[in-house]
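Read the structure below first, then the notes.
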Amino acid sequence: ITFTNKAAEELKSRLERTVGHAAEEVWAQTFHSACVRILRRAGDRLGFTRSFTIYDTSDSQSVVKRILKDFDLDDKMFPFRYVLSVISKAKDKLQTPEEFRIEAQKSYDSRKTRIADIYAEYERRLHDADAMDFDDLILNTVRLLRDNEDVRGFYQRKFRYVLVDEYQ
Numbered sequence: 009i010t011f012t013n014k015a016a017e018e019l020k021s022r023l024e025r026t027v028g029h030a031a032e033e034v035w036a037q038t039f040h041s042a043c044v045r046i047l048r049r050a051g052d053r054l055g056f057t058r059s060f061t062i063y064d065t066s067d068s069q070s071v072v073k074r075i076l077k078d079f080d081l082d083d084k085m086f087p088f089r090y091v092l093s094v095i096s097k098a099k100d101k102l103q104t105p106e107e108f109r110i111e112a113q114k115s116y117d118s119r120k121t122r123i124a125d126i127y128a129e130y131e132r133r134l135h136d137a138d139a140m141d142f143d144d145l146i147l148n149t150v151r152l153l154r155d156n157e158d159v160r161g162f163y164q165r166k167f168r169y170v171l172v173d174e175y176q
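As C-alpha cells, then:
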C-alpha cells in the first residue's frame, strides 16, 4: 500500500521485474484504490452497489453548497470549504454524523452543531446517490472490516502481510 499512483506503479514495475508473473497476485496500490477494490466487492454490506460513484472534491463542494442553500445558511458563517474540512476531520476520526453531533452538543458550539446537521444531510445525499467521497473510501473500508467478521476473515486469509510504503 502506498500514497500515490506514481509510487504504486513503481512498486508494480519493480515486482514484475523481480518475481515475474507472480507479481500479478500482489496488490500494489494506493490506500484509496485498495479500499475501492474492497468496497466494490463487499460494499453492499453498507448499502452501496458494486458500481457506486466516487465523488471528487468538486462533486463534494457542489453537494455542500446545495445543502447550505437548502438550509438557508450564510456562506460567510459557513464557508463550504470550512464545512468540508470539518466533515473530513470527523471522518478521519471515524466519526459518524451522529457521533459528531454528540461531540458538537457537548461543546455547546452552535456552529459546530449546525455543521453536524450539514454532515448528516451530506451523508444522506451521498448515500441516496450511491456515492462516496475520498474520505468515505477509507472510513467505509474500516467500518466494513470492523463490523463484518466474514469480510475481515477473507482479507486476513488473503493477505499474509500488508506493507505500507512510506518513501515520500
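Take any residue in the sequence shown, count from 1 to its spot, add 8: that is its number in the working numbering. Glycine residues also receive a C-beta, built at the ideal position from the N, C-alpha and C atoms.
Bounds of the beta strand (DSSP E) holding D141 are A139 to D141.
The alpha carbon of L54 has as its nearest neighbour, out of A139, R168 and L171, the alpha carbon of A139. L145 is the residue among A137, E18, A124 and L145 whose C-alpha sits nearest the C-alpha of D100. Shown here, Y163 sits in a helix according to DSSP, grouped into three states.
Cβ contact annotation for K120 (same chain, cutoff 6 Å, sequence separation greater than five): A112, in chain order. Taking every protein chain shown into account, the CB of I110 has fewer than 16 other CB atoms within 10 angstroms, so this residue is exposed. Under DSSP, T61 forms a beta bridge with A139.
In this structure, D141 and A15 do not form a Cβ contact; the two beta carbons are roughly 22 Å apart against a cut-off of 8 Å. Only residues of its own chain outside the window of five on either side were considered, and among them Q69, V72, K73 and L76 have a CB closer than 8 Å to the CB of F88, listed in chain order. Distance from the CA of A128 to the CA of T12, rounded to the nearest whole angstrom, comes to 30 Å. Assignment of T121 by DSSP, reduced to helix, strand and coil, places it in the helix class. Around the CB of T38, 16 or more other CB atoms lie within 10 Å, so the residue is classed as buried. Annotated three-state conformation of T38 is strand, per DSSP.
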